[in-house]
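These protein sequence lines are chains A, B, C, D, E and F, in that order. Residue numbering for the first sequence follows this note's numbering, starting at 15 and increasing by one per position. Residue numbering for the second sequence follows this note's numbering, starting at 15 and increasing by one per position. Residue numbering for the third sequence follows this note's numbering, starting at 15 and increasing by one per position. Residue numbering for the fourth sequence follows this note's numbering, starting at 15 and increasing by one per position. Residue numbering for the fifth sequence follows this note's numbering, starting at 15 and increasing by one per position. Residue numbering for the sixth sequence follows this note's numbering, starting at 15 and increasing by one per position. Report on the following structure.
Number of protein chains: 6
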Amino acid sequence: MATLNLVEYDDAPDEVRAVYDDIMAVREVDWINNFWKVIANHPPTLKRTWDSIKQVMAPGALDPLTKEMIYIAVSATNGCEYCIRSHTAAARKQGMTDEMLAELLAVVGMANETNSLADGFDVETDEIFKS
Amino acid sequence: MATLNLVEYDDAPDEVRAVYDDIMAVREVDWINNFWKVIANHPPTLKRTWDSIKQVMAPGALDPLTKEMIYIAVSATNGCEYCIRSHTAAARKQGMTDEMLAELLAVVGMANETNSLADGFDVETDEIFKS
Amino acid sequence: MATLNLVEYDDAPDEVRAVYDDIMAVREVDWINNFWKVIANHPPTLKRTWDSIKQVMAPGALDPLTKEMIYIAVSATNGCEYCIRSHTAAARKQGMTDEMLAELLAVVGMANETNSLADGFDVETDEIFKS
Amino acid sequence: MATLNLVEYDDAPDEVRAVYDDIMAVREVDWINNFWKVIANHPPTLKRTWDSIKQVMAPGALDPLTKEMIYIAVSATNGCEYCIRSHTAAARKQGMTDEMLAELLAVVGMANETNSLADGFDVETDEIFKS
Amino acid sequence: MATLNLVEYDDAPDEVRAVYDDIMAVREVDWINNFWKVIANHPPTLKRTWDSIKQVMAPGALDPLTKEMIYIAVSATNGCEYCIRSHTAAARKQGMTDEMLAELLAVVGMANETNSLADGFDVETDEIFKS
Amino acid sequence: MATLNLVEYDDAPDEVRAVYDDIMAVREVDWINNFWKVIANHPPTLKRTWDSIKQVMAPGALDPLTKEMIYIAVSATNGCEYCIRSHTAAARKQGMTDEMLAELLAVVGMANETNSLADGFDVETDEIFKS
Chain A
15 MATLNLVEYD
25 DAPDEVRAVY
35 DDIMAVREVD
45 WINNFWKVIA
55 NHPPTLKRTW
65 DSIKQVMAPG
75 ALDPLTKEMI
85 YIAVSATNGC
95 EYCIRSHTAA
105 ARKQGMTDEM
115 LAELLAVVGM
125 ANETNSLADG
135 FDVETDEIFK
145 S
Chain B
15 MATLNLVEYD
25 DAPDEVRAVY
35 DDIMAVREVD
45 WINNFWKVIA
55 NHPPTLKRTW
65 DSIKQVMAPG
75 ALDPLTKEMI
85 YIAVSATNGC
95 EYCIRSHTAA
105 ARKQGMTDEM
115 LAELLAVVGM
125 ANETNSLADG
135 FDVETDEIFK
145 S
Chain C
15 MATLNLVEYD
25 DAPDEVRAVY
35 DDIMAVREVD
45 WINNFWKVIA
55 NHPPTLKRTW
65 DSIKQVMAPG
75 ALDPLTKEMI
85 YIAVSATNGC
95 EYCIRSHTAA
105 ARKQGMTDEM
115 LAELLAVVGM
125 ANETNSLADG
135 FDVETDEIFK
145 S
Chain D
15 MATLNLVEYD
25 DAPDEVRAVY
35 DDIMAVREVD
45 WINNFWKVIA
55 NHPPTLKRTW
65 DSIKQVMAPG
75 ALDPLTKEMI
85 YIAVSATNGC
95 EYCIRSHTAA
105 ARKQGMTDEM
115 LAELLAVVGM
125 ANETNSLADG
135 FDVETDEIFK
145 S
Chain E
15 MATLNLVEYD
25 DAPDEVRAVY
35 DDIMAVREVD
45 WINNFWKVIA
55 NHPPTLKRTW
65 DSIKQVMAPG
75 ALDPLTKEMI
85 YIAVSATNGC
95 EYCIRSHTAA
105 ARKQGMTDEM
115 LAELLAVVGM
125 ANETNSLADG
135 FDVETDEIFK
145 S
Chain F
15 MATLNLVEYD
25 DAPDEVRAVY
35 DDIMAVREVD
45 WINNFWKVIA
55 NHPPTLKRTW
65 DSIKQVMAPG
75 ALDPLTKEMI
85 YIAVSATNGC
95 EYCIRSHTAA
105 ARKQGMTDEM
115 LAELLAVVGM
125 ANETNSLADG
135 FDVETDEIFK
145 S
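This is the structure we're talking about:
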């Protein structure tokens, strides 16, 4: 169990149900995952977070699959198991293959390696990169 | 100055020059950025890191621009200024617009937010995400 | 099991028991949690860590509940499950309600989001903030 | 300079000016800090981020000063200089003294220390903390 | 189960088996741990990562035990359970005692504490440290 | 300037001077670096942190040079410039050569890479590593 109880649909106040309904409609699913059920304990956080996710993950200059892969990259870097699992599932639904996942994480691995090298040697940023 | 001196091309041993030449050829530039000049103090690290970067960032199941954006996502999450600057420059060269950068970082921001929420409430991973 | 065995009270040397006794007295509990039982394998670390925690978490310019919430904020950011769970329990004992926890983590989430935005865009610190 | 240009008030489109006006009104200041000027390149991110910050940082179950201190705790853990500076300034405006800042960071330091100890020894969470 | 299936030796293509054989030969073990079985889904990542690890962890200016302890230090800081467990096992095989592990993590803890203090107060680097 | 003023020796109260004297004596230097001058604003933090550092970094099951290198490993992973610089200087004083530094950071880089791979694929810990 999380540090707050899960708010199930049947027990949820109307403002929570409205968000749950929108999540299911936008994602074309018929269930709500635990993340939302936990933050639903604080309806303003539920609504704000969902509205933000919906806006940020919508197609724009970047397509939804690229956005899901960026989500995985951050989550793998932070080691957030819940987010890795949920966004890997979401990216697969958007068409991510096993090979794409492997290449994505290979880049994530290299980036984490070279981040620590650049920081560890305290490399000065080349002027050309700042212009 | 970094915590090791910069190894300039003219002062570099042959094994380092060979890597520098390859970096400039593959990237179609005529200069070497500080990151490589610092790790060139240890030629095996220079060669291994470059060979890895070259393999990982090559076109594959993911295109080079997507890979550069993933690099930025990780670097922004870690707060590595050098890597943010160098890979933002690289991504722009690959065609990333200001709007794409803005959307990319909006996703990075949301991912960092929800990572800390999922971890902070210790949300249990839904069984469906593990199958 | 942790990577070192748990040192139980009955098997502990005197210097460890003395710390265990002080932990139970200060916290008004009759048991020792696993964190202390693990670091008790190295008595100087046990004693130093407990003495530090006792000093740092005591009432001062900040009250103990605020301090426990700060502890949760750091632990959620680092994704340390053990510390999230133990300090959420401790904060509740000090009076933290579900609503306070939800607001606390909402702030933690926003801070992690804007940290990655400020770093990702490499925003220059306003002069006024440095004075 | 950041990786995107600063959007100054005089050059800003109406939707950006509206947010800038609201920021200045809510915070009772007559200037806009660089963070907002950078993300203003992407007006939906500017508006969404400000609306979220305004909601999250408003007085509620936690007072604004406590919220600012939690922001500092996260920013210090992530090493985000911009956020450390801007939220330290904001917290001082809310009444944080030097002594409160020192105690706050003492807790942040201890939390980061014990987070790595709990993770490093892979301490199992006590059952009592999960109930 | 990981987010990709485990590639078992008997089902592995030749290029994967060749790496597995080398891992077992170099480490003098007769089994392959899950990390390699997962990344084996992408043979170039398997080969590159193993070649890198083999080079980096070989005796050099630093001995293998020191290198394993540095691996633990990073893994504890990142909270990566898999890496903490596997490299603690590896370090013990190289001769790390319980006391050495305790001292190692005591240093890791202090470093994480003072990192957040130095960042949190935004301490300016002394000129003497930059020369 | 840091977010608190530097406490110079000549202006320091006796309890701060006593710690400064001990730092200079133990380290055999005739100056105090900025880290201590900042946390000296809060004498109990100064004293506690110095006492802890002195205990943790003293020769024991691990020698002081190994401890300094572990400190660098953590600081590079966290990207703490101040700590990277100060502990690189300290490690050099203990005998760390450029080659040792390069090998150390090569390990740090690999560890950060494989940490994100193990987390990103959510690799299950082998039973043998838990025994």
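All C-beta atoms in this analysis are idealised placements derived from N, C-alpha and C, irrespective of residue type, glycine included.
Host alpha helix (DSSP H) of residue i (start-end)
{"i": "G123 (chain B)", "result": "112–134"}
{"i": "Y23 (chain D)", "result": "It is not in any alpha helix (DSSP H) - Y23 (chain D) carries neither H nor E in the DSSP assignment."}
Status (buried if at least 16 other CB within 10 Å, exposed otherwise) for residue i
{"i": "D146 (chain D)", "result": "No answer is possible for residue 146 (chain D): the residues shown for chain D start at 15 and end at 145."}
{"i": "T111 (chain A)", "result": "exposed"}
{"i": "A87 (chain E)", "result": "buried"}
{"i": "G109 (chain B)", "result": "exposed"}
{"i": "K81 (chain B)", "result": "buried"}
{"i": "E127 (chain A)", "result": "buried"}
{"i": "M83 (chain F)", "result": "buried"}
{"i": "D44 (chain F)", "result": "exposed"}
{"i": "I46 (chain D)", "result": "buried"}
{"i": "N19 (chain A)", "result": "exposed"}
{"i": "M15 (chain D)", "result": "exposed"}
{"i": "V21 (chain E)", "result": "buried"}
{"i": "A132 (chain D)", "result": "buried"}
{"i": "A39 (chain C)", "result": "exposed"}
{"i": "S89 (chain E)", "result": "buried"}
{"i": "S130 (chain A)", "result": "buried"}
{"i": "S100 (chain B)", "result": "buried"}
Residue i (DSSP reduced to helix, strand or coil)
{"i": "V43 (chain F)", "result": "coil"}
{"i": "D140 (chain E)", "result": "coil"}
{"i": "M15 (chain D)", "result": "coil"}
- [ ] Check whether the segment 27–35 of chain F touches the segment 48–56 of chain F, taking contact to mean three or more Cβ pairs, one atom from each stretch, closer than 8 Å.
- [x] yes
- [ ] Answer yes if the segment 59–66 of chain F comes into contact with the segment 89–106 of chain F, meaning at least three C-beta pairs across the two stretches below 8 Å, and no otherwise.
- [x] no
Open item on the list: Suppose only complete runs of 4+ residues qualify. What are the alpha helix (DSSP H) ranges in the segment 49–124 of chain D, listed by chain order?
Closed with: 57–71, 78–92, 95–107
- [ ] Decide yes or no for the touch test of the segment 65–81 of chain C against the segment 114–133 of chain D: beta carbon pairs closer than 8 Å, at least 3 of them.
- [x] yes
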